[in-house]
Structure formats: structure tokens, C-alpha cells
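Residue numbers (my numbering), protein chains in the order written: chain A, 1474 to 1868; chain B, 32 to 170. Every residue, glycine too, gets a C-beta built ideally from N, C-alpha and C.
Next comes the structure, spelled out in C-alpha cells:
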């Protein structure tokens, strides 16, 4: 059967909390999730009690049904909790679209919340509950942890190192991404790094965490939450905000390759594992990379952004380094500005959800680094960990 | 001196991996090869990824491989690694056994000297009566 969700749904409301450094908010993730959802409903001009579908992902601690009850929802028709980590970000919107287009639900909220540090210093607890559920635990416990590889920072570093070996990519090129996004964050008052500008020298002089990744290569855990309201396109046109349509979405995996969540690791360390998702996405959208005006690229780490840009065809495999150094990703003026609110590196890391919200802002014309005339925005999900997902928004 | 501290997490031996860890105790590095289609697979798994046969043999590697990638960890993210920081974790691609890729650590080489493609040979680190871990040393 042919994929048939193009333009069927739209994001009609967005909401988020203030973003603070991990643990600094003094609030529970649950409280933040409720706040974000209430704000998204207010933005949409809908009562929270009209929500009949709740979707979340990853290691979210706020259960969708608990959120529903807390909002006074007396009738739910659709629940989804997508596995993995940040790989599912776009997948939640895809699943919301399936629910709405099939008639299973009318108003679906996708949300994510974080509070406090996720990965405690006791890295023996570094395997998160979602990864345990997905069945990858045994491989990591037995064949990675005894050799000192506990956390994504290390696995992704080894993948980035392979890209450097294969293509001559440099740490300075990773730094170009960090500096560009940090510059965008200086215009975003809610960004954790607003008021904390960095230069390439700051990036190069930062402490090494897991070689080749230094401090500024890494997303920073934050306290915060975000939510979006998804409804049918027809319904969205009757509500108060300009609809932001889902042009296309795709999810899934290709050949197994990534190091830390696959039983067999073969030779695709030098990608972000999203080539197949990208291909589906562009086919479904009817446009290619040249048709994307702005992109919110899920980081986790700078090298993964670089590899994701290659996966999505903005440059050839191996040319990500020169591409990001060229000014192509900068705002204003770049051919493809990325992470225009600062992203997970500089705005805050709510497992990519703030990237989705920024994508909606770009399409509404409301971004603090607005791309003039932008009609389409790519939003990608967690890189280098399959299965992943991605979507394209359009005005 | 031990690579990591005594509280370092160790593999749990289960039915799917018992052969591998018993071979390690005997200082043999083995990789499963499917009886049905001759595909190698690592880490051990109960069924062949290619043809779904449940039959396999444990083929002994000659233990030589090349460094495929690595990282140097600079932070003591677990108490047991504090004594080792900064330490390397490497992925070694065996020259035999279908190029199986094994995550391990290099010994006998400074972190700054690690290079892609370095030839390395397995050696054995007896942790306790159940577990011996493979580590690798440059040739």
C-alpha cells in the first residue's frame, strides 16, 4: 500500500517550559510535562480535555495515561510510547498522523519531559530503562561495559573517529557546528547558552570527554518539557495558529551497524544510520534535499550532526566536514541553516523535542533566527542509533 | 596491574554466550559460524542472521586483528574506571572469522600511539574463576 499521510495532519499548537541546567529547575519532569501540554493546548486554542491521544517516546518518565488523567481527560482513544531514545522524536508525530488519518483519534499530543541528570556518575546504571526494554541490554552488559564502554558519548565518539579515519574529518569541523549553533542561541532568551558565546578556540580548548568528543561537542542535559498538538489539517485551518503541515514522515532502520544497540556491528560506523529513512522521507514528500529551507538536526553530538547531513543528502558521504565549515549551515545566509534556536547543544537537550518546536516556529515565521521565506523544515531524530525517524514540516 | 578496578561490571554468562566465555577461560577466541550458510556472526547469538539456522560451530580465531576505531575516555564515569582514566576502548576487526568486530582494550601501547589499522593480537586477562577477558596488544 502506498504511504498516504502527506498533508493530512498539522501541528496546531506548541508549548514548552523554561529550559534550565539539569537539576536546576527544582521541579519534577511530570510537572514540566503538564505545563508544556497546557501551554500547547492554549496555543492551539483547544481545551486539554479535548485531547484523545497521547504519544511520547524514549525514556520519558511521565506516563501518557497519567498525563491524561491529570489533565482531566475522560476519554482517550490512542496511546503510544515509542521505544528507544531520541530516535523516536519524529516517529511520535508520524504515529499521531496515523491515528488521526485512520479516524482512531482526533486530537493527539506528543510530549517529552526531563528533569535532573539522566546518566548518574554510577555508570553501572547507565543502561536506561528504554534500552533494557528493547532487549539490547545483554550485548551491552557483556560485550561493551567490561571494556569500559558505558554511555552514548563513548559509542558515538568511536563512530565519529571512524568518519575521521575514512574521510579526514577534523575536530575543528565538529567545532564549526558547535560554534554555529551557539551563535544562534545568543538570540534565543530561553537557550541555556544564551549569554555564553563560544569561539572555535573555546571548542578546541574544552576538556576531552571521550576522544574525539570535547565538552562543546556534547549535548547538555536540561530540565524542561515540550508538547505539540496534532490535529487533522482541516481542523487545524479552523484554529488560531497558522497550521504547520506534516509534509512527510518516515521511520525505521537499514542494515544493522551502530555499535551500542546492535548485536552485530558491521561497517557503517561512519554514518548516522538514517540513509534509508531519508530516502523514504524524500520519496513521500516529493521533494529532495534541495527543497529543504531549514533543518533541525538532532545532535546528541556534533559528529552525528555532520553524518546526518550526509545521510540526508545535503552533501556527499565524507564531505560533511568541508560542508559545515563552508558557512552552509549558518544563520543568516547559509544555504541550509540548522538548529536555529541553538538545538540540543546550545538551547537545551530535551531529547530533541525543542528541535521539533523550533521547526514549527520556523514554519510560522516566529523563530528568533527566522529563515526568510522558509517553506519547508526538516526535523531529524536521534542519530547513530537505529531505528530512527525524521519528518518534514511545511507552511 | 589490572586494566580496571575490581568493581568493574563483568559479563553475565547465559545460555546464548556460555560457549564464548568458556573458550575465553581456555584462552581461545571463538566466533560462531553458521552451519547452514557459513556466515560468521559476533557477538554470539542463538540463530543465524542470514539464513535463520540454529546450527553453528565455534571457529577459533588466530587472534590477530586490526584496530578499526577507538575512543579514549577521560572521565571516570564509573568508580571502577577511575584508576584507568584516561583509558582506551577499541573495536578490533579480526583478520579471520569473517572480519568479526570485537570491542576490547589495547594494552602495551600509549593512548596517543593508537592508529587505525594497527595490527594487534589477543591476550588474556584472567579476572576471576569464571571470566577471562580478551584484550589486545600491538604486534
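Query, Result
"How about residue 1488/A and residue 1522/A: do their beta carbons lie closer than 7 Å?", "no"
"Whether or not the segment 1524-1540 of chain A and the segment 1566-1583 of chain A are in contact is what I'm after, with contact meaning three or more pairs of Cβ atoms, one per stretch, closer than 8 Å; do they touch?", "yes"
"Does residue 79/B pass the burial test, meaning 16 or more other C-beta atoms within 10 Å, or should it be called exposed?", "buried"
"Run down chain A in chain order and give the residues with a C-beta less than 8 Å from the C-beta of residue 135/B.", "1620"
"Starting from residue 1634/A, trace the alpha helix (DSSP H) both ways and give me its first and last residue.", "1625-1640"
"For residue 1832/A, which residues from the same chain have a beta carbon less than 7 Å from its beta carbon, with the 5 sequence-adjacent residues on both sides left out?", "1769, 1850, 1852, 1866"
"Tell me the DSSP secondary structure of residue 1476/A in three-state form.", "coil"
"Please list the terminal residues of the continuous beta strand (DSSP E) segment that includes residue 65/B.", "61-65"
"Please list the terminal residues of the continuous alpha helix (DSSP H) segment that includes residue 1689/A.", "No alpha helix (DSSP H) contains residue 1689/A, which DSSP labels as neither H nor E."
"Here's a check: name, in chain order, each residue in its chain whose Cβ is nearer than 7 Å to the Cβ of residue 1454/A, leaving out the five neighbours to either side.", "Because chain A in this structure spans residues 1474 to 1868, residue 1454/A falls outside the shown range and cannot be described."
"Run through DSSP, which three-state label would residue 95/B get?", "strand"
"Just how far apart, CA to CA, sit residue 1621/A and residue 1760/A?", "43 Å"
"Please check if any C-beta of chain B sits within less than 7 Å of the C-beta of residue 1617/A.", "yes"
"Looking only at its chain, what residues have a beta carbon closer than 6 Å to the beta carbon of residue 103/B, apart from the 5 residues adjacent to it on each side?", "117, 119, 142"
"Which same chain residues, not among the five before or five after residue 1834/A, have their C-beta less than 7 Å away from its C-beta?", "1840"
"What did DSSP end up calling residue 116/B once you bin it into helix, strand or coil?", "coil"
"Anything in chain A within Cβ reach of residue 48/B, meaning under 7 Å, just list it in chain order.", "1615"
"Starting from the Cα of residue 1506/A, find the closest Cα among 1691/A, 1520/A, 1540/A and give me that residue.", "1540/A"
"Considering only their Cβ atoms, is the gap separating residue 153/B from residue 169/B smaller than 7 Å?", "no"
"Could you name the residues that DSSP lists as bridge partners for residue 1489/A?", "1699/A"
"Leaving out five residues on either side along the sequence, give the residues of the same chain with a beta carbon under 7 Å from the beta carbon of residue 1427/A.", "Chain A is shown from 1474 up to 1868; residue 1427/A falls before or after that span and cannot be answered."
"Per DSSP, what are the beta-bridge partners of residue 1769/A in this structure?", "1852/A"
"Hey, would you say residue 1756/A sits closer than 7 Å to residue 1780/A, going by beta carbons?", "no"
"Identify which residue in 107/B, 157/B, 97/B, 56/B has its Cα closest to the Cα of residue 133/B.", "97/B"
"Tell me which residues of the segment 93-108 of chain B have at least one Cβ-Cβ distance to chain A shorter than 9 Å, keeping chain order.", "99, 100, 101, 102, 103, 104, 105, 106, 107, 108"
"Quick check on DSSP: helix, strand or coil for residue 1827/A?", "helix"
"Would you decide whether residue 160/B is buried or exposed? Buried here means 16 or more other CB atoms lie within 10 Å of its CB.", "exposed"
"Tell me the rounded alpha-carbon separation between residue 1653/A and residue 44/B.", "47 Å"
"Taking only three categories from DSSP, how would you classify residue 1809/A?", "coil"
"Using a C-beta to C-beta distance shorter than 7 Å, which residues of chain B count as neighbours of residue 1627/A?", "102, 104, 120"
"Which partner residues of residue 1723/A appear in the DSSP bridge assignment?", "1863/A"
"Residue 1804/A: buried (16+ other C-beta within 10 angstroms of its C-beta) or exposed?", "buried"
"On a CA-only basis, which of 148/B, 121/B, 82/B, 72/B is nearest residue 137/B? Give me that one, please.", "121/B"
"Please say whether residue 1784/A and residue 42/B have beta carbons closer to each other than 7 Å?", "no"
"Classify residue 1683/A as helix, strand or coil using the three-state DSSP reduction.", "strand"
"Nearest-angstrom Cα distance between residue 1633/A and residue 1691/A?", "12 Å"
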